[in-house]
Amino acid sequence: MARLGDVCKKASSNIAQKDLEGHHGKYPIYGASGFISNVDFYQQEEPYIAVVKDGAGIGRVMKLPAKSSVIGTLQYIIPNDTVDIQYLAYAMEYMNLSKYFSGATIPHIYFKDYQNETLPLPSLNEQRRIAATLDKVTELIAKRRQQLDKLDELVKAKFVEMFGDSVINPNELPSVSLSNLANIVSGITKGRKTNGEELFEVPYMAVSNVKSGYIDWTTVKTIGATKSEIEQYHLKPFDVLMTEGGDPDKLGRGAIIKNPPEDCIHQNHIFRVRVDSSRLLPQYLEEYLQHPKAKKYFLGCAKQTTGIASINMTQLRNLPVLLPSLEQQKKFSDFVEKTDKIKSTISCSLEKLKMLKKALMQEYFG
Numbered sequence: 000m001a002r003l004g005d006v007c008k009k010a011s012s013n014i015a016q017k018d019l020e021g022h023h024g025k026y027p028i029y030g031a032s033g034f035i036s037n038v039d040f041y042q043q044e045e046p047y048i049a050v051v052k053d054g055a056g057i058g059r060v061m062k063l064p065a066k067s068s069v070i071g072t073l074q075y076i077i078p079n080d081t082v083d084i085q086y087l088a089y090a091m092e093y094m095n096l097s098k099y100f101s102g103a104t105i106p107h108i109y110f111k112d113y114q115n116e117t118l119p120l121p122s123l124n125e126q127r128r129i130a131a132t133l134d135k136v137t138e139l140i141a142k143r144r145q146q147l148d149k150l151d152e153l154v155k156a157k158f159v160e161m162f163g164d165s166v167i168n169p170n171e172l173p174s175v176s177l178s179n180l181a182n183i184v185s186g187i188t189k190g191r192k193t194n195g196e197e198l199f200e201v202p203y204m205a206v207s208n209v210k211s212g213y214i215d216w217t218t219v220k221t222i223g224a225t226k227s228e229i230e231q232y233h234l235k236p237f238d239v240l241m242t243e244g245g246d247p248d249k250l251g252r253g254a255i256i257k258n259p260p261e262d263c264i265h266q267n268h269i270f271r272v273r274v275d276s277s278r279l280l281p282q283y284l285e286e287y288l289q290h291p292k293a294k295k296y297f298l299g300c301a302k303q304t305t306g307i308a309s310i311n312m313t314q315l316r317n318l319p320v321l322l323p324s325l326e327q328q329k330k331f332s333d334f335v336e337k338t339d340k341i342k343s344t345i346s347c348s349l350e351k352l353k354m355l356k357k358a359l360m361q362e363y364f365g
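Numbering-wise, numbering that gives the first Met the number 0 puts 60 at position 61 of the sequence shown, and it's gapless, one number per residue.
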């Protein structure tokens, strides 16, 4: 086993993103989320590894090309000639460097804290063989994700093809307030008084579970609720869940919950929208929420403080919904369901590939 600090060295960047204005060229510069722009200078002559050391995405590891740079929230890691750079990138990914973070407001990690991590150091030929194997799996994972993204784009394109641009409304669809099309309720409040009533531990949907167009099942928490609260807040298949607040660009995001766990409820920062299916279909509403008219409405009426925006029940109830015929909505819904079946197959393949990569990483670096 070799010590990380013995197979590479660190280097720092003093570039701030605001300093990039006016610098246009052919050399890429990167931030925590990836490529930022091409500029007329570079700091690294050879390929290198970058680690996000400050803020969001802390600990993320990226292998980056020669003649490029990173901004100051990332750390340069320069390998020596005993280690293959791609092999080192995978080894550092396996180390889960985010565990070294410190700082409450803006988390950061330091090379001095993780330089004593260790990694196996076989021959360079063996390192390259391992890296090539992991590259193949990583490329397949990226390909599956691209396929899922393209299917999402296909659904958006189908929506516009069928119903037109939601802002222009070329088909002159009638606009109806959401309150006339659905029953809308807020959820359970944590820390409320229950006056000694018997509590039952049940799963609940939090803001972290509701993404734009899908439910994230990674972590489902539970909460103690009374029998009457479970009856009041329980979720049914094809309820649409919407967030009360968050980043302005994610405001009013919503997703259908198709198969809620038994007795699943939702917290008070989530609105449950139960549509009148004789007038509005959940698949149409879920997609409508992702289009400009709904987004502009929420941004226009939201309360915003320090980068966080929120909407209240009244504003959600007043959301103008462009309402096509039920027949047209059904055609769109059928298209979405066919697409979802394909997505489900691809997602299953993606999960298997992620598990394979995890197993290989454990075998090579564990």
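Just so you know, even glycine gets a beta-carbon here, dropped at the ideal spot from N, CA and C.
Cβ shell of residue i (< 6 Å), same chain only, five flanking positions each side left out
| i | result |
| --- | --- |
| residue 222 | 203 |
| residue 90 | 118 and 364 |
| residue 46 | 64, 65 and 84 |
| residue 250 | 297, 301 and 308 |
| residue 338 | 150 and 154 |
Own chain, CB closer than 8 Å to residue i, minus 5 neighbours either side, in chain order
| i | result |
| --- | --- |
| residue 26 | 37, 38, 39, 40, 41, 66, 67 and 68 |
| residue 360 | 89, 92, 93 and 133 |
| residue 306 | 246 and 247 |
| residue 144 | 349 |
| residue 75 | 9, 10, 11, 12, 42, 43, 47, 48, 49 and 69 |
Outcome for residue i when other beta-carbon atoms lying within 10 angstroms are tallied against a minimum of 16
| i | result |
| --- | --- |
| residue 333 | exposed |
| residue 58 | buried |
| residue 347 | exposed |
| residue 109 | exposed |
| residue 2 | exposed |
| residue 159 | exposed |
| residue 227 | exposed |
| residue 130 | buried |
| residue 208 | buried |
| residue 323 | buried |
| residue 356 | buried |
| residue 169 | exposed |
| residue 374 | Absent from the model: residue 374. The displayed extent of the chain is 0 to 365, so no value can be given. |
Enclosing alpha helix (DSSP H) for residue i [first to last residue]
| i | result |
| --- | --- |
| residue 9 | No alpha helix (DSSP H) holds residue 9; the beta strand (DSSP E) holding it covers 7-11. |
| residue 299 | 291-300 |
| residue 332 | 325-364 |
| residue 144 | 123-162 |
| residue 217 | Segment: none, residue 217 is in no alpha helix (DSSP H) and carries neither H nor E. |
| residue 90 | 84-93 |
| residue 312 | 312-316 |
| residue 229 | 226-232 |
| residue 283 | 281-287 |
Expected contact under 8 Å - CB spacing of residue i and residue j to nearest Å
| i | j | result |
| --- | --- | --- |
| residue 62 | residue 77 | Not a contact, Cβ separation roughly 12 Å. |
| residue 93 | residue 112 | With 8 Å as the limit, residue 93 and residue 112 do not qualify as a contact, their Cβ atoms being about 17 Å apart. |
| residue 342 | residue 147 | 6 Å |
| residue 241 | residue 269 | 7 Å |
| residue 274 | residue 180 | 6 Å |
| residue 102 | residue 14 | About 21 Å separates the two Cβ atoms, so there is no contact after all. |
| residue 31 | residue 73 | 7 Å |
| residue 320 | residue 177 | 5 Å |
| residue 210 | residue 141 | That pair is no contact at about 20 Å. |
| residue 218 | residue 197 | Actually they do not touch by this definition, with Cβ atoms about 26 Å apart. |
| residue 206 | residue 271 | Contact doesn't hold; Cβ gap of about 13 Å is too wide. |
Endpoints, beta strand (DSSP E) assigned at residue i
| i | result |
| --- | --- |
| residue 74 | 73-78 |
| residue 200 | 199-204 |
| residue 63 | 60-63 |
| residue 319 | 319-321 |
| residue 112 | Counting along the chain, residue 112 falls outside any beta strand (DSSP E), though it belongs to the alpha helix (DSSP H) covering 110-113. |
| residue 240 | 238-242 |
| residue 30 | 26-30 |
| residue 47 | 47-51 |
| residue 181 | 181-184 |
| residue 15 | Premise fails: residue 15 is in no beta strand (DSSP E) and is neither H nor E. |
| residue 175 | 174-176 |
| residue 36 | 33-38 |
| residue 255 | 253-256 |
| residue 191 | Here residue 191 belongs to no beta strand (DSSP E), and DSSP marks it neither H nor E. |
Cβ neighbours of residue i in the same chain (closer than 7 Å, five flanking residues each side left out)
| i | result |
| --- | --- |
| residue 309 | 243, 244, 301 and 302 |
| residue 232 | 186, 187, 264 and 265 |
| residue 79 | 6 and 7 |
Heavy atom of the ligand ADP within 8 Å of residue i beta-carbon
| i | result |
| --- | --- |
| residue 308 | No copy of the ligand ADP appears in this structure; indeed no ligand is present at all. |
query = If we count Cβ pairs, one from each stretch, closer than 8 Å, do we get three or more for the stretch 116-130 versus the stretch 329-337?
reply = At 8 Å Cβ cutoff, the stretches do not touch.
request  = Take every Cβ of the stretch 193-202, pair it with every Cβ of the stretch 249-265, and state whether three or more of those distances are shorter than 8 Å.
outcome  = yes
inquiry  = Tell me whether the stretch 146-155 and the stretch 220-240 touch, counting them as touching only if at least three CB pairs, one residue from each stretch, are closer than 8 Å.
reply    = no
key: contact_flag[the stretch 187-199, the stretch 287-299] where n(CB pairs < 8 Å) is 3 or more   = no
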